[in-house]
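One structure below.
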Amino acid sequence: MSTKTDRLIALVDKHGAHNYHPLPVVIARARGPFVWDVQGKKYFDFLSAYSALNQGHNHPKIVAAAKKQLGKVALTSRAFHNELLGPFLELLCRITGKERALPMNSGAEAVETAIKAMRLWGYRRKGVPENKAEIIVCSENFHGRTTTLVGFSSDHDSSAGFGPATPGFRSIAYGNAGALERAIRPNTVGFLFEPIQGEAGVIIPPEGWLAAVRAICSENRVLMCADEIQTGLGRTGKMFACDHESVAPDLYVLGKALSGGLYPVSAVCADDEILGLFTPGTHGSTFGGSPLACAIAMAALQVILDERLPQRAAKTGAYLKELLETLEHPLLKDVRGRGLMFALEFKTRVRPLVENLLALGLLAKDTHENTIRLAPPLTLTQAQAKDAFALIAKAVAALPA
Ligand SMILES: Cc1ncc(COP(=O)(O)O)c(C=O)c1O
17 MSTKTDRLIA LVDKHGAHNY HPLPVVIARA RGPFVWDVQG KKYFDFLSAY SALNQGHNHP
77 KIVAAAKKQL GKVALTSRAF HNELLGPFLE LLCRITGKER ALPMNSGAEA VETAIKAMRL
137 WGYRRKGVPE NKAEIIVCSE NFHGRTTTLV GFSSDHDSSA GFGPATPGFR SIAYGNAGAL
197 ERAIRPNTVG FLFEPIQGEA GVIIPPEGWL AAVRAICSEN RVLMCADEIQ TGLGRTGKMF
257 ACDHESVAPD LYVLGKALSG GLYPVSAVCA DDEILGLFTP GTHGSTFGGS PLACAIAMAA
317 LQVILDERLP QRAAKTGAYL KELLETLEHP LLKDVRGRGL MFALEFKTRV RPLVENLLAL
377 GLLAKDTHEN TIRLAPPLTL TQAQAKDAFA LIAKAVAALP A
């Protein structure tokens, strides 16, 4: 490792909180599916900032939109109107098929917004007694890091030391329709879930589960709330992961690729009967829906549409999956994925594999010790997928049996 790399990592170690365990690489610039470290070494980025970079790093059209807006007006707050908020909301509603959208910043904030929206709907529309609303969530969920969200996480590292947990949540087994049906009670207002669990290790629910969830939620007057922050906007080979079963949830929660990685932009999208219940003063955010955020997010969405990124993810994903399925190693337990969202699960810790890949020039990250997630930008070409696979195969072959 170079002195410069060492020095920069030591600075973070000394002055930062140790809430991450990053790979020892210091990135200085990026373009498309590639990043370069401070020494100029090039890497494939197969994490894509946890799927925030579906459009690739520094997509020229998104960068141009950001530059055009910078120096004009970046922030107004929602105390005033800005000329880009309306067009952004209109585009988001067209893509999601919903009547309204509420822009926020981080993913966790958008999930919190969806929770508030579901509770409000429960009290104002379903007739749930005040402070009695219940929301059903799934085991092994990951929805973000706020106190409420970690309070219903089954990941001990996320929640331990941060209690007491916010009341009003019940957890059921992921992918089990019967468990959802049994958990619903008169005060249940919503079911919050990931259509594929990303942080849990790319866990794909059984076929038919999403459609069953839709039916159960409708029959019981419970809102179906899909956290598509990681799976949405093309990642799984469709615009939304719910589209794989032609299911429309009542609420979409979006983030990450909504800005193509240039700015934190998130949103909740739902019909008027849900989002129409917010009144002035009941919710807000200083930066949410800022002109800069809207300019960037509109360009990011337009790139997804114009470059047919969901379709490309499906095609390149199918090609890469075929290659990944040829991998052989006595400790390789499972290869799974949809679109360009994969996991390789091993019977051993994968940190050495991750470090091997780093040395070979491919960045990926372990999730839950034994699983490595592969999620390149959706702009990856077939030729690049082939080159990246060669590195993955080499790193897997070098893993001790
Ligand atoms: C499904 C899901 N929901 C919510 C979040 C939280 O997003 P953020 O880190 O922007 O708060 C993430 C982040 O990984 C996620 O994958």
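Residue numbers for the sequence shown follow the numbering used here, beginning at 17 and rising by one.
We put the CB at the ideal spot given by N, CA and C, even for glycine.
All values derive from a computational prediction rather than experimental measurement.
Fill in: Per DSSP, cross-strand counterpart(s) of R186
Position 170 of the sequence shown, counting from 1, holds the residue named residue 186. R186 pairs with I152.
Item to complete: Could you spell out where the beta strand (DSSP E) holding S282 opens and where it closes?
Response: Mapped onto the sequence shown, residue 282 falls at position 266. From DSSP, the beta strand (DSSP E) with S282 extends over 282-286.
Worksheet item: What are the start and end residues of the alpha helix (DSSP H) that includes R47?
Response: For the purposes of this step, residue 47 is taken as residue 31 along the sequence shown, with counting starting at 1. Annotation: R47 is outside any alpha helix (DSSP H); the continuous beta strand (DSSP E) that includes it extends over 43-47.
Discussion item. With three or more beta-carbon pairs closer than 8 Å as the criterion, would you say the region 356-370 touches the region 279-289?
Written reply: Cβ pair count under 8 Å is below three, so no.
Discussion item. For G72, tell me which candidate among K57, R45, L86 has the shortest Cα-Cα distance.
Written reply: Within the sequence shown, the letter at position 56 stands for residue 72. Taking only the C-alpha atoms, the option nearest G72 is R45.
Worksheet item: Skipping 5 residues on each side, what residues in its chain have a beta carbon closer than 6 Å to that of S306?
Response: Within the sequence shown, numbered from 1, the residue matching residue 306 stands at position 290. For S306, the CB contacts under 6 Å within the same chain, skipping 5 residues up- and downstream, are L91 in chain order.
Worksheet item: If you draw a straight line from the C-alpha of V263 to the C-alpha of A149, how long is it?
Response: Locating residue 263 in the sequence shown gives position 247, counting from the first residue. Locating residue 149 in the sequence shown gives position 133, counting from the first residue. So the two alpha carbons sit approximately 25 Å from each other.
Worksheet item: Any heavy atom of ligand 1 within a distance shorter than 6 Å of the CB on A359?
Response: For this step, residue 359 is matched to residue 343 along the sequence shown. No, the Cβ of A359 stays beyond 6 Å of every heavy atom of ligand 1.
Item to complete: Classify F50 as helix, strand or coil using the three-state DSSP reduction.
Response: Translated into positions along the sequence shown, residue 50 becomes position 34. DSSP places F50 in strand when its eight states are reduced to three.
Item to complete: Go through its chain and collect everything with a Cβ distance to G297's Cβ below 8 Å, but skip five positions before and after it.
Response: Position 281 of the sequence shown, counting from 1, holds the residue named residue 297. Short of 8 Å from the beta carbon of G297, and not among the five residues preceding or following it, lies no beta carbon of its own chain.
Worksheet entry | Check: D259 C-beta below 6 Å from any heavy atom of ligand 1 | On the sequence shown, residue 259 is found 243 positions in, with the first residue counted as 1. No.
Practice prompt. Would you identify the three-state DSSP class for P221, choosing helix, strand or coil?
Written response: Walking along the sequence shown from the start, residue 221 turns up at place 205. P221 sits in coil when the DSSP states are folded into three classes, being neither helix nor strand.
Worksheet item: Is the beta carbon of A130 within less than 6 Å of some heavy atom of ligand 1?
Response: In the sequence shown, the residue the question calls residue 130 occupies position 114. A130: no, Cβ never under 6 Å from ligand 1.
Worksheet item: Leaving out five residues before and five after C241 in sequence, what residues of the same chain have Cβ atoms less than 7 Å from its Cβ?
Response: By 1-based counting over the sequence shown, the position of residue 241 is 225. The beta carbon of C241 sits closer than 7 Å to those of A130, M134, G206, F207, L208, P265, D266, L267, V269, all from its chain and outside the five residues before and after it, given in chain order.
Fill in: Collapsed DSSP secondary structure at M240 in the structure displayed
On the sequence shown, position 224 is the one that residue 240 refers to. Here M240 carries a strand assignment [DSSP, helix/strand/coil].
Fill in: Host beta strand (DSSP E) of I388 (start-end)
Residue mapping note: residue 388 aligns to position 372 of the sequence shown, counting from 1. Where I388 is concerned, the enclosing beta strand (DSSP E) starts and stops at 387-390.
Worksheet item: Beta-carbon separation of A391 and M357 under 7 Å?
Response: By 1-based counting over the sequence shown, the position of residue 391 is 375. By 1-based counting over the sequence shown, the position of residue 357 is 341. Taking the C-beta atoms as reference points, M357 is found nearer than 7 Å to A391.
Worksheet item: Is A189 buried or exposed, if buried means 16 or more other CB atoms sit within 10 Å of its CB?
Response: Numbered from its first residue, the sequence shown carries residue 189 at position 173. The Cβ neighbour count for A189, taken over all protein chains shown within 10 Å, is under 16; the residue is labelled exposed.
Fill in: N- and C-terminal bounds of the beta strand (DSSP E) containing F358
Here residue 358 is taken as the residue at index 342 of the sequence shown, counted from 1. Per DSSP, the unbroken beta strand (DSSP E) holding F358 starts and ends at 357-362.
Worksheet entry | Nonlocal neighbours in the same chain, by C-beta distance under 6 Å from I212, ignoring five residues either side | On the sequence shown, position 196 is the one that residue 212 refers to. If we look at I212 and ignore the five residues flanking it on each side, its Cβ neighbours are I220, T247, A257.
Discussion item. Taking 6 Å as the limit, name every residue whose beta carbon sits nearer than that to some heavy atom of ligand 1, in sequence order.
Written reply: Any residue whose Cβ sits closer than 6 Å to a heavy atom of ligand 1 makes the list: Y66, S122, G123, A124, V127, F158, H159, G160, E210, G214, E215, D243, I245, Q246, G271.
Item to complete: May I ask you to report which of helix, strand or coil DSSP gives H73?
Response: Here residue 73 refers to the residue found at position 57 of the sequence shown. For H73, the three-state secondary structure derived from DSSP is strand.
Fill in: Residue from A359, F294, P326 whose Cα sits closest to the Cα of A216
The residue labelled residue 216 in the question sits at position 200 within the sequence shown. Taking only the C-alpha atoms, the option nearest A216 is A359.
Worksheet item: Can L291 and V281 be called in contact, C-beta distance under 7 Å?
Response: In the sequence shown, residue 291 corresponds to position 275, counting from 1. In the sequence shown, residue 281 corresponds to position 265, counting from 1. No, they are not a contact pair.
Item to complete: Look at G277 and P326 and say whether their C-beta atoms are less than 7 Å apart.
Response: Taking the sequence shown and counting its residues from 1, one reaches residue 277 at position 261. Taking the sequence shown and counting its residues from 1, one reaches residue 326 at position 310. Not a contact, by the Cβ cut-off of 7 Å.
Discussion item. For the region 52-62 against the region 377-396, do three or more pairs of beta-carbon atoms, one drawn from each stretch, fall closer than 8 Å, so that the two count as touching?
Written reply: Contact between the region 52-62 and the region 377-396 is established, with three or more Cβ pairs separated by less than 8 Å.
Practice prompt. Under 8 Å Cβ to Cβ from W52, same chain only, skipping five residues before and after it: list those, please.
Written response: Position 36 of the sequence shown, counted from the start, is the residue given in the question as residue 52. I43, A44, R45, A46, K58, Y59, listed in sequence order.
Worksheet entry | Distance between N192 and I245 (C-alpha atoms, nearest Å) | Residue numbering aside, residue 245 sits at position 229 when the sequence shown is read from its first letter. Residue numbering aside, residue 192 sits at position 176 when the sequence shown is read from its first letter. Whole-angstrom Cα-Cα distance: 21 Å.
Practice prompt. Name, in chain order, the residues that DSSP records as bridge partners for Q55.
Written response: Reading the sequence shown from its first residue, position 39 is the one you call residue 55. Paired residues: none, contrary to the question.
Item to complete: Could you tell me how far apart the beta carbons of G389 and K402 are, in whole angstroms, since I believe they sit closer than 8 Å?
Response: Taking the first residue of the sequence shown as 1, we reach residue 389 at position 373. Taking the first residue of the sequence shown as 1, we reach residue 402 at position 386. As written in the sequence, residue 389 is Arg, which differs from the Gly given in the question. In this structure, R389 and K402 do not form a Cβ contact; the two beta carbons are roughly 20 Å apart against a cut-off of 8 Å.
Discussion item. Beta-carbon within less than 6 Å of A329's beta-carbon, same chain only, minus the 5 sequence neighbours each way: which residues are those?
Written reply: In the sequence shown, counting from the first residue as 1, residue 329 sits at position 313. Here the set comprises G250, G253, G355, L356, L394.
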